[in-house]
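Those letters in the sequence shown? Residues 204 to 405, per our numbering, in order.
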Amino acid sequence: MKWSVISGWLRVTLSTLGGPGILLSAFLDSSFLPLPLVTDLIVMDFSIRRPARMPYYATMAALGSLAGCIWIYALARKAGEAYYCRKREHAPGSVRKWVQEFPLTSVLLPAVAPFPLPFKPFVIAQGVFRVPPVPFVVGTFVGRGILFFAEGFVAVRYGAAAKEFVLHQKWASAGMLLALIALGLAIRRLSSGREGTQPEIT
């Protein structure tokens, strides 16, 4: 059976559960069962039908995603750096430095990124390199909340056309990735500049 058929069945089944179904879908997608766009489309479907409840649907999606990410994060903390090196096949020095210097930013920026940009590898890195729990929880919830609220908003405003855009857009995600990279580099350069201008203590 094709995965597209399975994900389509899950989308229909979970959507019958309302808000709890959204929470469960987001949890599965963010943890051990990838469900590309299933949660996003359920949130958009429900938001189109009941616009006044859009914040509720987006919040349930953000909470479910946070719960799944916490599960992955906890496993990654136990698995250690060797797991990340084996999966990513490159030295993690630059990733480690970024995560440790900017824990909240390193969590928030990937969490906002829409499909098809990868999110789970960042969650694994955040666990492996031991991002403190509070920045991880706050950054993940805020980032995923922004994403799902944005999807719900455009669904309410533009209806089915918004769903078609989410399903078929590629350049928008590429632009988002470039913007996130540029923002991350700007933050890093600003931080380095401040360190360089600190007066020497004699």
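A virtual CB, placed ideally from N, CA and C, is assigned to each residue, including glycine.
Just so you know, these numbers come straight off a predicted model, no measurement behind them.
Item                                                                                                         : Value
Proximity of V194 and I251 at Cβ, strictly below 8 Å                                                         : The chain is shown from 204 up to 405; residue 194 falls before or after that span and cannot be answered.
8 Å Cβ shell around W374 - same chain, five flanking residues per side excluded                              : For W374, the predicted model reports a pLDDT of 49, less than 50, meaning its position is unreliable; a value from the coordinates is still stated below. Closer than 8 Å at Cβ, skipping near neighbours: no residue.
Helix, strand or coil at V334 according to DSSP, with G and I counted as helix                               : coil
Anticipated Cβ contact below 8 Å, L231 with L238, distance rounded                                           : 6 Å
Own chain, CB closer than 8 Å to R280, minus 5 neighbours either side, in chain order                        : G330, V331 and R333
Straight-line gap, E354 to L236 (C-alpha atoms, nearest Å)                                                   : 22 Å
Three-state class that DSSP yields for S234 in the structure shown                                           : coil
Exposed unless 16 or more other CB atoms sit within 10 angstroms - verdict on K300                           : exposed
Host alpha helix (DSSP H) of P239 (start-end)                                                                : Where P239 is concerned, there is no enclosing alpha helix (DSSP H), given that its DSSP letter is neither H nor E.
Sequence-distant residues of the same chain with beta carbon closer than 7 Å to A265, five excluded per side : F344, R347, G348 and F351
Presumed contact (8 Å Cβ cut-off) between Y259 and G222, rounded CB distance                                 : 6 Å
Span of the alpha helix (DSSP H), counted from its first residue to its last, around R280                    : M257 to A282
Per-residue burial, L370 [other beta carbons within 10 Å of its own, 16 or more giving buried]               : exposed
Simplified DSSP assignment, three categories, for A353                                                       : helix
Own chain residues within Cβ distance below 6 Å of S268, not counting five before or after                   : A229, S233 and R347
Same chain only: Cβ atoms within 6 Å of V315, ignoring 5 sequence neighbours per side                        : G346, I349 and L350
Limits of the unbroken alpha helix (DSSP H) element including P317                                           : Neither: P317 is in no alpha helix (DSSP H) and is coded neither H nor E.
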